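As they're listed, the protein sequences go chains C and P. With the working numbering, the residue at position 6 of the first sequence is 7, and numbering never jumps. With the working numbering, the residue at position 19 of the second sequence is 119, and numbering never jumps. All C-beta atoms in this analysis are idealised placements derived from N, C-alpha and C, irrespective of residue type, glycine included. The model shown is predicted, which means the values in this text are computed figures rather than measured ones. One structure is given here, and the rest of the page talks about it.
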Amino acid sequence: MAMKVYGPAMSTNVARVLVCLEEVGAEYEVVPVDMTTGEHKSPAHDARNPFGQVPAFQDGDLILYESRAISKYILRKGGSDLLRESNLAESAMVDVWLEVESGHFSSTMSPIIFQCLVVPFLGGETDTKIVQENLEKLKTALGVYEARLSRFKYLAGDFVSLADISHFPAAYYLLGGSHASVLDAYPHVKAWLAEVMDRPSVRKVVELMKLPSA
Amino acid sequence: MAPPVVTVFGTANFANAARVMACLEEVGVEYEVVEVDYMAKEHKGAEHLARNPLGQIPAFQDGDIKLFESRAIAKYVLRKYSKAAHVDLLREGNPEEAAMVDVWTEVEAHTYFPAIAPIFYECVVYPATHGIPTNQKVVDESLEKLKKVLDVYEAHLSRSKYLYLAGDFFSFADLNHFPFTFHVMTTPHASLFDSYPHVKAWWERVMARPSLKKISPDMVIRA
């Protein structure tokens, strides 16, 4: 039975899970959850994700939520090398940079995406103060990334890992939005992101993110 | 006493350093604690930045391996030293159990911590170490958020009848909830948990761990 992902592909956290499924070549089905009608707060979805968020995930009887937990489950099951769990030093570096991704990159991008894309879509006005505050935090983080990527090809070392790929959903919106030029001051980051975005798995999921039903 | 095997940069009064120490205690590994003088901004100085480029506490060293981000450090410690200590907090031999540990670890990081941490900072840290009075508005907003989160925890524990978050086994997921919950339990807001009997019972089970009882006294924030 194909694994199921519940949620719209355009959601950064759903996209993270989809790229991992693509990386391991798994058979999967994306089940839409219409957040504009509050479907993510419905009893049916609550049974899959009690925090009322997307994604939720199902593999047989196993139901999971939290995109990074789902992603690791998928990569382990598919025998992927993107976690490096057979090597203590390497897996530790993957974990370090996954924490940086969630705590410093995606966390600062999330309010920017919400203000620049979601708020106007819902008929509201972008709060530029929130955007600016988070852009400043993002620049501080990008400085750390630039130093790291000047020394190593990828974040965890000289091997690509989930730590790199986990950046793609927020990066997709940064690159496609009006603040992409913030990356110009960080050439190693810019080049590294271009390479991540060029992965076949990422290109496939980007197409899914663009679909109207997404 | 055996010589230290690893070094933690940051003392136990920093909740994220305590997270790492809790894991070290669980696996019985001797560790050296090096103070990082926060008030003197030592965490933003060149020496500490070389260990943690984000300028945060803690950092960690085990031989040639240098790490930052407390959850990543904690996981490394458990992966390396669990077998010899006969503990299994990550359950990596069982994909479904490991996934449940990951789920509740992520929930702590993204949902529980943002709701509970401001209560700790406003009620304990700012008054004690910065002489700044508690911002009651922030505390009240956080308490409302925390209640909604605890509603889900209570439903999860009562429906599943699990002793712990990921199953009937104490795991990394439970341990990750320890530092900030411990601190809030030292405030009057501990009474919030009285409305959530399964959560309260779970917390009492967690606090019964010898490892956590051992480091608790060092965690207390003093003015």
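Beta carbon of M198/C nearer than 9 Å to that of L176/C: Yes, Cβ-Cβ distance for M198/C and L176/C is below 9 Å.
Assigned secondary structure, M4/C (DSSP; H/G/I helix, E/B strand, else coil): In this structure, M4/C counts as strand in the three-state DSSP scheme.
Any alpha helix (DSSP H) of 4 or more consecutive residues that is wholly inside the stretch 267-296 of chain P: Taking only runs of at least 4 residues, the alpha helix (DSSP H) segments lying wholly in the stretch 267-296 of chain P are 272-285.
Beta strand (DSSP E) runs wholly inside the stretch 81-138 of chain C, at least 3 long, in chain order: You should have found no qualifying run.
Interface positions of the stretch 33-67 of chain C facing chain P (Cβ-Cβ less than 7 Å), listed along the chain: Within the stretch 33-67 of chain C, the residues whose Cβ lies closer than 7 Å to any Cβ of chain P are, in chain order, P51, F52, L63, L65, Y66, E67.
Per DSSP, cross-strand counterpart(s) of L65/C: Looking at the DSSP assignment, L65/C forms a beta bridge with F58/C.
Any C-beta of chain C under 9 Å from that of H143/P: No, because no Cβ of chain C sits closer than 9 Å to the Cβ of H143/P.
Ranges of the beta strand (DSSP E) found wholly within the stretch 150-185 of chain C, counting only runs of at least 3: The stretch 150-185 of chain C is shown to contain no whole beta strand (DSSP E) run of 3 or more residues.
Any chain P beta carbon closer than 9 Å to S92/C: It does: the Cβ of S92/C has a partner Cβ on chain P nearer than 9 Å.
Cβ neighbours of L139/C in the same chain (closer than 6 Å, five flanking residues each side left out): Once the five neighbours on either side are set aside, the close Cβ partners of L139/C are T109.
Span of the beta strand (DSSP E) around E23/C: The continuous stretches of beta strand (DSSP E) do not include E23/C, which lies in the alpha helix (DSSP H) extending over residues 13-25.
Close-in-space but distant-in-sequence residues of the same chain around V120/P (CB under 6 Å, 5 per side omitted): If we look at V120/P and ignore the five residues flanking it on each side, its Cβ neighbours are V108, P158, S170, I173, A174.
Reference N14/C, options H189/C, R149/C, A195/C, A172/C, closest by Cα: Nearest Cα to N14/C within the set H189/C, R149/C, A195/C, A172/C: A172/C.
Sequence-distant residues of the same chain with beta carbon closer than 6 Å to R179/P, five excluded per side: Excluding positions up to five away in sequence, the list is empty.
CB contact below 9 Å: M200/P versus chain C: So, interface residue.
Straight-line Cα distance separating V25/C from G80/C: When rounded, the distance between both Cα atoms is 7 Å.
Spatially closest choice to D240/P from L250/P, P218/P, R259/P, by CA coordinates: Considering only alpha carbons, the answer is P218/P.
Below-9 Å beta-carbon distance, R171/P vs any chain C residue: So, interface residue.
Continuous alpha helix (DSSP H) stretch holding L178/P: start and end: 170-185 is the span of the alpha helix (DSSP H), which, as asked, contains L178/P.
Endpoints, alpha helix (DSSP H) assigned at Q236/P: From DSSP, the alpha helix (DSSP H) with Q236/P extends over 236-260.
Range covered by the alpha helix (DSSP H) that runs through N205/P: Checking the sequence, you will find Thr at residue 205/P rather than Asn. Segment 195-207, the alpha helix (DSSP H) holding T205/P.
H163/P classed as buried or exposed, judged by whether at least 16 other C-beta atoms fall within 10 angstroms: Reading the sequence as shown, one finds Gly at residue 163/P and not His. A residue is called buried when at least 16 other Cβ atoms come within 10 angstroms of its Cβ; G163/P does not meet this threshold and is exposed.
Between the CA atoms of G61/C and G128/P - distance to the nearest angstrom: The straight-line gap from Cα to Cα measures roughly 38 Å.
Burial state of L206/C (16 or more Cβ within 10 Å): A small correction: the amino acid at residue 206/C is Val; Leu does not occupy that position in the sequence shown. V206/C comes out buried.
Contacting positions in the stretch 106-134 of chain P - beta carbon closer than 8 Å to chain C: Within the stretch 106-134 of chain P, not one residue has a Cβ closer than 8 Å to any Cβ of chain C.
Backbone secondary structure at D199/C - three-state DSSP: Shown here, D199/C sits in coil according to DSSP, grouped into three states, outside any helix or strand.
Element boundaries [alpha helix (DSSP H), containing F364/P]: Given that chain P is displayed from residue 101 to residue 323, the structure contains no residue 364/P and the question cannot be resolved.
Chain-ordered chain C contacts of L167/P [CB-CB under 9 Å]: What L167/P touches in chain C: A93, M94, D96, V97.
Straight-line gap, T234/P to R322/P (C-alpha atoms, nearest Å): The C-alpha of R322/P is placed about 16 Å away from the C-alpha of T234/P.
Test: P233/P CB closer than 9 Å to a CB of chain C: No, because no Cβ of chain C sits closer than 9 Å to the Cβ of P233/P.
Interface flag, Y29/C vs chain P, CB-CB below 9 Å: No, because no Cβ of chain P sits closer than 9 Å to the Cβ of Y29/C.
Alpha-carbon spacing of E336/P relative to D82/C, whole angstroms: Outside the modelled stretch of chain P, which goes from 101 to 323, sits residue 336/P, for which no answer is possible.
Neighbour list for K183/P in chain C, Cβ cutoff strictly below 8 Å: Neighbours of K183/P on chain C: none; closest Cβ ~12 Å, over 8 Å.
Chain C within 9 Å of Y324/P, Cβ atoms only: Outside the shown range of chain P (101 to 323) lies residue 324/P, about which nothing can therefore be said.
Straight-line Cα distance separating Y176/P from I71/C: Taking C-alpha positions only, I71/C is separated from Y176/P by approximately 20 Å.
For Y29/C, three-class secondary structure by DSSP: Y29/C falls in the strand class under three-state DSSP.
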